[in-house]
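Chemist: Chain order of the listed sequences is A and B.
Oh and the first sequence: position 101 is 101 in the numbering used here, straight run, nothing missing.
Whatever position you read off the second sequence (first residue = 1), add 112 for the numbering used here.
Backbone N, C-alpha and C fix where the C-beta goes; we use that ideal spot for every residue, glycine too.
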Amino acid sequence: GENVEQHPSTLSVQEGDSAVIKCTYSDSASNYFPWYKQELGKRPQLIIDIRSNVGEKKDQRIAVTLNKTAKHFSLHITETQPEDSAVYFCAAFGGATNKLIFGTGTLLAVQP
Amino acid sequence: DTEVTQTPKHLVMGMTNKKSLKCEQHMGHRAMYWYKQKAKKPPELMFVYSYEKLSINESVPSRFSPECPNSSLLNLHLHALQPEDSALYLCASKDRDTSNEKLFFGSGTQLSVL
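Structure below.
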């Protein structure tokens, strides 16, 4: 079945710096890759997603890139702010299982 | 309405109790999901309902019993739970279970089993 690896597990940056989180998936038939932000005790919130027919997508300070050949996708946050501090999960959907499989999560801390 | 509503928000129960978690959406979605999330871990899929029929059961213990009374409602019946079942239970929905579209999450039920 699908397996999604996510790195790093923790990331600390200074306010204003950029943050990059990387994920690798195993099922080449996966076709949808969302990113979720989750604050403590709250629901996962979709922040950006990308489909397999697109290589890059940007929404203000957030961008996602997808390399289908390498089965890698990454989240880029520019000009980080303290309110960006949260756990971020990547996920992959599709392929043989038609399930949304989550990565292990990255705890991002933005230091003011 | 783009909300998935879950009740209750918090639940404390003993190991001999029977309780139910409820989930409701009015987006016309035909796929509904139950996830379990332990602290600092990713959500783990438990069940998927597609067109009101159970399509995926991730080998969940029988003390968890899902029910989909209609296309807008999803329940999770709990009986004889163990303390290790304490977690955040998340309901989610999407247009269809096979579509590469957004999964909408409810705010969850924080369950504590004593």
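Among residues of its own chain, excluding the 5 on either side of P195 (chain B), which ones have a beta-carbon nearer than 6 Å to its beta-carbon?
Modeler: V225
Chemist: Is K68 (chain A) close to chain B? Criterion is C-beta to C-beta, closer than 7 Å.
Modeler: no
Chemist: Closest to C203 (chain B) by CA distance: which of B:H191, B:A192 and B:E179 is it?
Modeler: From the listed residues B:H191, B:A192 and B:E179, the smallest Cα separation to C203 (chain B) is found for B:E179.
Chemist: Quick check: F217 (chain B) and R43 (chain A), are their CB atoms within less than 7 Å of each other?
Modeler: With respect to the 7 Å criterion, F217 (chain B) and R43 (chain A) are classified as neighbours on the basis of their beta carbons.
Chemist: Counting contacts by CB-CB distance shorter than 7 Å, is K99 (chain A) in contact with chain B?
Modeler: yes
Chemist: Just curious, the beta strand (DSSP E) that L226 (chain B) is in, first and last residue?
Modeler: Unbroken run through L226 (chain B): none, as it is neither H nor E.
Chemist: Can you pull the DSSP bridge partners for M125 (chain B)?
Modeler: B:V225
Chemist: Here's a check: name, in chain order, each residue in its chain whose Cβ is nearer than 6 Å to the Cβ of Y25 (chain A), leaving out the five neighbours to either side.
Modeler: V4, K71 and A92
Chemist: How about the segment 117-129 of chain B and the segment 25-39 of chain A: do they share at least three Cβ pairs that are nearer than 8 Å?
Modeler: no
Chemist: Going by C-alpha distance, which of A:K99, A:A96, A:D84 and A:G94 is nearest L107 (chain A)?
Modeler: The closest CA to that of L107 (chain A), considering only A:K99, A:A96, A:D84 and A:G94, is found on A:D84.
Chemist: Could you confirm whether any beta carbon from chain B is found closer than 7 Å to the beta carbon of F89 (chain A)?
Modeler: Chain B has a Cβ within less than 7 Å of the Cβ of F89 (chain A).
Chemist: With a threshold of 7 Å between beta carbons, is L46 (chain A) in contact with chain B?
Modeler: yes
Chemist: State the start and end residues of the unbroken beta strand (DSSP E) segment that holds G94 (chain A).
Modeler: Taken as a continuous stretch (DSSP letters only), the beta strand (DSSP E) holding G94 (chain A) covers A86 to G94.
Chemist: Pick out whichever of B:K153, B:A199 and B:L186 has its Cα sitting closest to the Cα of Y161 (chain B).
Modeler: B:L186
Chemist: With a threshold of 7 Å between beta carbons, is G105 (chain A) in contact with chain B?
Modeler: yes
Chemist: Kindly indicate which residue of A:T80, A:I21 and A:F89 has the alpha-carbon position closest to the one of K152 (chain B).
Modeler: A:F89
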